[in-house]
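Colleague: According to our numbering, the sequence shown is numbered sequentially starting from 1496.
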Amino acid sequence: LEVGAQAALLAHPLRGPQTTSSPVPSAVICLCRFTLFKLTLMSGAVKIQAQCPTWHALSALHYHFATQCLPTPLAWHAHHLPPLLLKAGGAVALVIEIPAAFLFLMPSRPVRVVAAML
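(1) One question on the structure: do G1539 and L1556 come within less than 7 Å of each other, judged by their Cβ atoms?
(2) Any contact between the segment 1560 to 1567 and the segment 1594 to 1612? By contact I mean 3 or more CB pairs, one from each, below 8 Å.
(3) Is it buried or exposed for T1535, if we count other Cβ within 10 angstroms and need 16 for buried?
(4) So what does DSSP say about H1575, is it helix, strand or coil?
(5) Who are the near neighbours of T1530 in its chain, counting only those whose CB is closer than 8 Å to its CB and skipping five residues on each side?
(6) Tell whether a beta-carbon distance below 7 Å holds between L1553 and K1582.
Following this line, the structure appears as structure tokens:
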């Protein structure tokens, strides 16, 4: 619902045809950035707040690849990675989703690009 409203603001019919002379309002861009920040931060925070022992032990990825709804062909291989590598992947996920979420709010474009790549 929230993202749908933002999409409506991005493609508002009263703005006319999209050309390079009609930029997207900066307030709409800020809303989109804040939504990315909120989604990324909350994805990491819910893993900590849920009191799930698998995330606290960094063993959640031992189950993730085998139980995801739509597994990819690489999921079987990822599921059989060494346990130490899966624990490292869980730690990296938490590091990316919680502290790196704040990079979406930075004024520097290269920093935001790095956040999107993470």
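Positions of the beta carbon are idealized from the N, C-alpha and C atoms, including for glycine.
Modeller: Let me lay it out:
(1) For the purposes of this step, residue 1539 is taken as residue 44 along the sequence shown, with counting starting at 1. For the purposes of this step, residue 1556 is taken as residue 61 along the sequence shown, with counting starting at 1. Using a Cβ distance threshold of 7 Å, G1539 and L1556 do not count as a contacting pair.
(2) The answer is no - the segment 1594 to 1612 does not touch the segment 1560 to 1567, with fewer than three Cβ pairs under 8 Å.
(3) Stepping through the sequence shown from its first residue, residue 1535 is reached at position 40. So T1535 ends up on the buried side.
(4) In the sequence shown, residue 1575 corresponds to position 80, counting from 1. The answer is coil: DSSP assigns H1575 none of H, G, I, E or B.
(5) By one-based count along the sequence shown, residue 1530 stands at place 35. Hits under 8 Å: E1497, V1498, Q1501.
(6) Counting from 1 along the sequence shown, the entry for residue 1553 is found at position 58. Counting from 1 along the sequence shown, the entry for residue 1582 is found at position 87. For L1553 and K1582, yes; Cβs fall inside 7 Å.
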